[in-house]
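Trainee: Input: one structure, supplied below.
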Amino acid sequence: MTTTRFAPSPTGYIHVGNLRTALFNFMIARKAGGTFILRIDDTDPVRSEQKYVDAIQRDMEWLGLTWDRVERQSDRMDRYAETADILREMGRFYEAFETPVELDLKRKKQLNMGKPPVYDRSALALLDTEKAALRAERGQGVWRYKLDQERIEWTDGILGDISIDAASVSDPVLIRGDGQVLYTLASIVDDTDMGVTHVVRGSDHVTNTATQIQMIRAIGGTVPDFAHHSLLTGPQGESLSKRLGTLALRDLREAGVQPMALLSLLARLGSSQPVELRTSMEELIEGFDISQFGSAPTKFDADDLYPLTARYNHTLALADVVDRIAGLGIPADQAARFWDVARENITVLSDLSEWAELAQNGADPLIDAGDEDFIAQAMAMLPSGPYTDATWGEWTSAVKDATGRKGKALFMPLRKAVTGRERGPDMAALMPLLQVIKAKA
Ligand code: GLU
């Protein structure tokens, strides 16, 4: 059975880049009728916080990315310790004592000599007495996994055939000196124990995947199908991380972006399929095909979310927005008309308040130089409200007869005087909603 997981570290809020990973894994599971696991990668007790776990779940619920179960790595420490023991017995683990500064120096030297900065395995040569001395001086060492220096190959769901020479990769540190289990170990144990069949993650994980494939085989697990999606960049190709502050999902929610707008964009961006607004998750899943995604960095522009959000909002029924409209103080018997009039003139739903404000309190008239007398004359001809569907037509034809103006020269100045804007809803439909017309005062 198809099983996928989204595995965020709860060390911050999730952003559009993480969402892409979550969405792909979610869609693969749902399309196959399989299981989607939300795995909280919280082996780092210092940086992991419950408030981020809550925020991740809230963001995913908002988007409708439902999970079948939650797993927390912090609940599974025993399994990681057991697996570490097995690997240690198999001779796959070795203790190393270099400090970060020493490692950095080694890397610099290698780079200067034109060599890849791969850990030189000098800890393998340490005698037990030397290790004991180092331990006494520096505390426990880190535990590295001794990679078999072979080519590691897989067919990636997005990148195609990949072949990585393990000799060009440092033996990964799986356990820190303070005993903290690192992600790589936890992840291979989880993927194996939980029967994960497909792993989609960012292309920054490609090297991890090579080492994980070896380790999964070493512990007798089944290697999942891997796919690595390209990373998102900003609209100019700049790194997205600089702008992450504005692209956290919670901020997009606050800004009024509609979930289906966000999902419609991210489910297709970077693929050969066009981005089109989908109004249901089923439709989105139906058309999803991981093999249509390319390996080139994918440009993401948050501005693209707003036309999609507007289009989504235009499709909403009165029932979807009736509470919001009531909350703006629009009388119940006017709610249907208000929604009809305003829906085409909003991007996000909070823009409705602008039209409610106009209905209730009017707007400062916009009067072009030279039009003052014309507006004064027209306003004198406008009866007092309440207005009906007929008011605009009757009034403008009376003004036309009195002034000789017609077409745009007639309608535009009146629209601007009444609404304070050059654009907006159909005036005939709007008039009955207007309780105050400031230009008339
Ligand atoms: N916690 C890891 C991350 O956020 C998960 C990577 C993976 O999918 O294995 O990068």
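First residue of the sequence shown? That's 833 in this note's numbering, and the numbers climb one at a time after it.
Note that beta-carbon positions come from the ideal geometry of N, C-alpha and C, so glycine has one too.
This one's a predicted model, so the numbers in the text were calculated from it and none came from an experiment.
From A1208 to L1198, what does the alpha carbon distance come to, in whole angstroms?
Mentor: Taking the first residue of the sequence shown as position 1, residue 1208 is located at position 376. Taking the first residue of the sequence shown as position 1, residue 1198 is located at position 366. Each residue's Cα considered, the two are about 13 Å apart.
Trainee: Hey, how far is the Cα of N850 from the Cα of Y884?
Mentor: Along the sequence shown, one-based indexing puts residue 850 at 18. Along the sequence shown, one-based indexing puts residue 884 at 52. So the two alpha carbons sit approximately 13 Å from each other.
Trainee: Have a look at T1043 and V950 and give me their C-alpha separation to the nearest angstrom.
Mentor: If you number the sequence shown from 1, residue 1043 lands on position 211. If you number the sequence shown from 1, residue 950 lands on position 118. Taking the straight line joining both Cα atoms gives about 14 Å.
Trainee: State the start and end residues of the unbroken alpha helix (DSSP H) segment that holds I1020.
Mentor: Within the sequence shown, the letter at position 188 stands for residue 1020. Per DSSP, I1020 belongs to the alpha helix (DSSP H) from Y1015 to D1025.
Trainee: Would you mind listing the alpha helix (DSSP H) stretches within the region 1141-1221 that are 4+ residues and don't spill past its ends, in chain order?
Mentor: Counting whole runs of 4 or more residues, the region 1141-1221 contains the alpha helix (DSSP H) stretches 1150-1159, 1167-1174, 1184-1193 and 1204-1213.
Trainee: Hey, out of A1195, A1158 and Y1144, whose CA is closest to V1180's CA?
Mentor: On the sequence shown, residue 1180 is found 348 positions in, with the first residue counted as 1. With distances taken between Cα atoms, V1180 lies closest to Y1144.
Trainee: Considering just the uninterrupted stretch of the alpha helix (DSSP H) at A916, what are its terminal residues?
Mentor: Residue 916 sits at position 84 when you count from the first residue of the sequence shown. Its alpha helix (DSSP H) spans residues M909 to E921.
Trainee: So is the beta-carbon of T1039 under 8 Å away from any non-hydrogen atom of the ligand GLU?
Mentor: By 1-based counting over the sequence shown, the position of residue 1039 is 207. Checking the Cβ of T1039 against the ligand GLU gives no.
Trainee: For F856, which residues in the same chain have their Cβ closer than 6 Å to its Cβ, ignoring the five residues on either side in sequence?
Mentor: In the sequence shown, counting from the first residue as 1, residue 856 sits at position 24. V1032, listed in sequence order.
Trainee: In chain order, which beta strand (DSSP E) runs of at least 3 residues are fully inside the region 1048-1084?
Mentor: Entirely contained in the region 1048-1084, the beta strand (DSSP E) runs reaching 3 residues are, in chain order, 1057-1061.
Trainee: Please indicate yes or no: does the CB of A808 lie closer than 8 Å to some heavy atom of the ligand GLU?
Mentor: Here the chain comprises residues numbered 833 to 1273, so residue 808 is not present and cannot be evaluated.
Trainee: Quick check: does the Cβ of V1031 come within less than 8 Å of any heavy atom belonging to the ligand GLU?
Mentor: Walking along the sequence shown from the start, residue 1031 turns up at place 199. Yes, the ligand GLU has a heavy atom inside 8 Å of this Cβ.
Trainee: To the nearest angstrom, report how far apart S1123 and G989 are at their CA atoms.
Mentor: Taking the first residue of the sequence shown as 1, we reach residue 1123 at position 291. Taking the first residue of the sequence shown as 1, we reach residue 989 at position 157. Looking at the two C-alpha atoms, the distance is approximately 6 Å.
Trainee: Please state the DSSP three-state secondary structure of T1223.
Mentor: By one-based count along the sequence shown, residue 1223 stands at place 391. The answer is helix: DSSP assigns T1223 an H, G or I state.
Trainee: For S1096, count the other beta carbons within 10 Å of its own beta carbon; 16 or more makes it buried, fewer makes it exposed. Which is it?
Mentor: On the sequence shown, residue 1096 is found 264 positions in, with the first residue counted as 1. By the neighbour-count rule (16 or more Cβ atoms within 10 Å), S1096 is buried.
Trainee: Is Y977 a contact residue of the ligand GLU, with contact defined as CB to any heavy atom under 8 Å?
Mentor: Counting from one through the sequence shown, the residue named residue 977 turns up at place 145. Y977 Cβ: outside cutoff for every heavy atom of the ligand GLU.
Trainee: With respect to the beta strand (DSSP E) encompassing Y884, which residues constitute its N-terminal and C-terminal limits?
Mentor: Locating residue 884 in the sequence shown gives position 52, where the first residue counts as 1. Looking at the DSSP string, Y884 is not in any beta strand (DSSP E); the run it does join, the alpha helix (DSSP H), is Q882 to L895.
Trainee: In whole angstroms, what separates the C-alpha of E985 from that of V1005?
Mentor: One-based indexing of the sequence shown puts residue 985 at position 153. One-based indexing of the sequence shown puts residue 1005 at position 173. Near 21 Å, if we compare the C-alpha coordinates of V1005 and E985.
Trainee: If you draw a straight line from the alpha carbon of F1243 to that of T1228, how long is it in whole angstroms?
Mentor: Taking the first residue of the sequence shown as 1, we reach residue 1243 at position 411. Taking the first residue of the sequence shown as 1, we reach residue 1228 at position 396. Approximately 7 Å between the Cα atoms of the pair.
Trainee: Thinking C-alpha only, which one of L943, A928 and K940 is nearest A964?
Mentor: Taking the sequence shown and counting its residues from 1, one reaches residue 964 at position 132. The option with the nearest alpha carbon to A964 is A928.
Trainee: Would you identify the three-state DSSP class for G1034, choosing helix, strand or coil?
Mentor: For this step, residue 1034 is matched to residue 202 along the sequence shown. Note: G1034 maps to strand in three-state DSSP.
Trainee: Starting from L870 and walking both ways along the beta strand (DSSP E), at which residues does that stretch end?
Mentor: Your numbering for residue 870 matches position 38 in the sequence shown. Counting along the chain, the beta strand (DSSP E) containing L870 begins and ends at T867 to I872.
Trainee: Quick one: measure Cβ to Cβ for L966 and G973, integer angstroms, because I've assumed they're closer than 8 Å.
Mentor: Here residue 966 is taken as the residue at index 134 of the sequence shown, counted from 1. Here residue 973 is taken as the residue at index 141 of the sequence shown, counted from 1. The Cβ separation is near 7 Å, so the contact holds.
Trainee: In angstroms, rounded to a whole number, what distance separates the CA positions of A861 and D1221?
Mentor: In the sequence shown, residue 861 corresponds to position 29, counting from 1. In the sequence shown, residue 1221 corresponds to position 389, counting from 1. Each residue's Cα considered, the two are about 52 Å apart.
Trainee: If I follow the unbroken beta strand (DSSP E) through G992, where does it start and stop?
Mentor: For this step, residue 992 is matched to residue 160 along the sequence shown. That run of the beta strand (DSSP E) goes G992 to D997.
Trainee: Can you look up K978 in the DSSP assignment and give me helix, strand or coil?
Mentor: To locate residue 978, count along the sequence shown from 1; it is residue 146. K978: coil per DSSP, three-state reduction.
Trainee: Mapping the DSSP letters down to three states, classify E985 as helix, strand or coil.
Mentor: Taking the first residue of the sequence shown as 1, we reach residue 985 at position 153. Three-state result, E985: strand.
Trainee: Helix, strand or coil for T1029, going by three-state DSSP, please let me know.
Mentor: Here the question's residue 1029 lines up with position 197 in the sequence shown. If DSSP states are grouped into helix, strand and coil, T1029 belongs with coil.
Trainee: Residue range of the beta strand (DSSP E) that I1007 falls in?
Mentor: For the purposes of this step, residue 1007 is taken as the residue at position 175 of the sequence shown. Its beta strand (DSSP E) spans residues V1005 to I1007.
Trainee: Taking only three categories from DSSP, how would you classify V902?
Mentor: Counted from its first residue, the sequence shown places residue 902 at position 70. In the structure shown, V902 sits in a strand (DSSP, three-state: E or B).
Trainee: Near V1250, what residues of its chain come up, given a Cβ to Cβ distance below 6 Å and the 5 sequence neighbours on each side ignored?
Mentor: By 1-based counting over the sequence shown, the position of residue 1250 is 418. Counting only Cβ-Cβ distances below 6 Å, and skipping sequence neighbours, we find I1269.
Trainee: Within the same chain, show all residues whose beta-carbon is closer than 6 Å to that of T836, passing over the 5 residues directly before and after it, in chain order.
Mentor: Walking along the sequence shown from the start, residue 836 turns up at place 4. N857, I860, A861, F868 and H1030.
Trainee: Output yes or no for whether 9 Å exceeds the beta carbon distance between Y845 and A1080.
Mentor: Position 13 of the sequence shown, counting from 1, holds the residue named residue 845. Position 248 of the sequence shown, counting from 1, holds the residue named residue 1080. Contact flag set, yes.
Trainee: Cβ of G1034 within 8 Å of any heavy atom in the ligand GLU?
Mentor: The sequence position of residue 1034 within the sequence shown is 202, counting from 1. Within the cutoff, so yes.
Trainee: Tell me the residue span of the beta strand (DSSP E) that contains F925.
Mentor: To locate residue 925, count along the sequence shown from 1; it is residue 93. F925 to A928 is the extent of the beta strand (DSSP E) around F925.
Trainee: Determine the extent of the beta strand (DSSP E) in which F838 is found, giving its start and end residues.
Mentor: Sequence index remark: in the sequence shown, residue 838 carries index 6 (1-based). Run containing F838: T835 to F838, per the beta strand (DSSP E) assignment.
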